[in-house]
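> Numbering (this note's numbering), first residue to last: 1 to 280.
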């Protein structure tokens, strides 16, 4: 799906700066945001699934039906049996399904590849980028000059993870934590579809939580992300997939473009004390 989208759209990666740019720039965070009924129109600006695979999955065009189908049927990992049990951040958009009746999202794209540096437009296409996916950059020290979310400029696609097992938001570290459905059409930190990944000292609701040793996932991490015998399934930009141990998955080079400076994993869950690492 990624390759098909990129081939049809000048090698651009589906996400907040491309397929989600319009919904991100025009909708705000309100429940009355405009929505175009189409199998490929994103459900929120971070939704890369619909633009990339809406046609091949046969997703419905109607918003509520699409959300339920995407999470509960066509794009659900069989090992993911978790249901949403809470709602965060405002009122659900019109036509939304009851989040507690659908399973939680199965996969997260790596947000670091969707942060563009020094970009204001896509040139000939006329699309202006108005989505600040870098707000609250708790994982980033600095971006790679000239990087844009485009396969033509992505170095080492066989060594960079596009998406991985993982639920968008888990509120806490224990297995009884709430799994929350993000209600906004416009997101700044990933929404229901993206996350920083396992390598950074993740805070908030990341499912990629580790014990203090930074080698052992928390019980919630095992349940919501490392759900395959303690391993993590990941798919790379070149199309191949791998299952990694939790310890292997913390390699920071996997989740950010070359040239970024990122707050590395260190031995803490506190991003303010993590050490910086330049991505290869």
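Glycine residues also receive a C-beta, built at the ideal position from the N, C-alpha and C atoms. Computed from a prediction, not measured in an experiment: that's the story for all the values here.
1) Taking the straight line between their C-alpha atoms, what separation do you get for residue 179 and residue 205?
2) In three-state terms, what does DSSP make of residue 19?
3) Between the alpha carbons of residue 19 and residue 212, how many angstroms are there, rounded?
4) Once DSSP output is grouped into helix, strand and coil, what is the label at residue 206?
5) What does DSSP give as the partner residues of residue 235 in its beta bridges?
6) Among residues of its own chain, excluding the 5 on either side of residue 222, which ones have a beta-carbon nearer than 7 Å to its beta-carbon?
7) Quick check on DSSP: helix, strand or coil for residue 86?
8) Consult DSSP for residue 74 and reduce its assignment to one of helix, strand or coil.
9) Regarding residue 151 and the ligand MG, is the C-beta to nearest heavy atom distance less than 7 Å?
10) Measure the C-alpha to C-alpha separation of residue 210 and residue 251 and round it to an integer number of angstroms.
11) Which residue comes first and which comes last in the beta strand (DSSP E) that contains residue 107?
12) I'd like to know whether the C-beta atoms of residue 39 and residue 60 end up nearer to each other than 8 Å.
Taking the geometry as given:
1) 9 Å
2) In the structure shown, the three-state DSSP call for residue 19 is coil.
3) 38 Å
4) Three-state result, residue 206: coil.
5) According to DSSP, which records beta bridges pairwise, residue 235 is partnered with 163 and 241.
6) Cβ within range, chain order: 230.
7) In this structure, residue 86 counts as strand in the three-state DSSP scheme.
8) Here DSSP, grouped into helix, strand and coil, assigns residue 74 to helix.
9) Among the components modelled here there is no ligand, and therefore nothing to report on the ligand MG.
10) Each residue's Cα considered, the two are about 14 Å apart.
11) 107-110
12) yes
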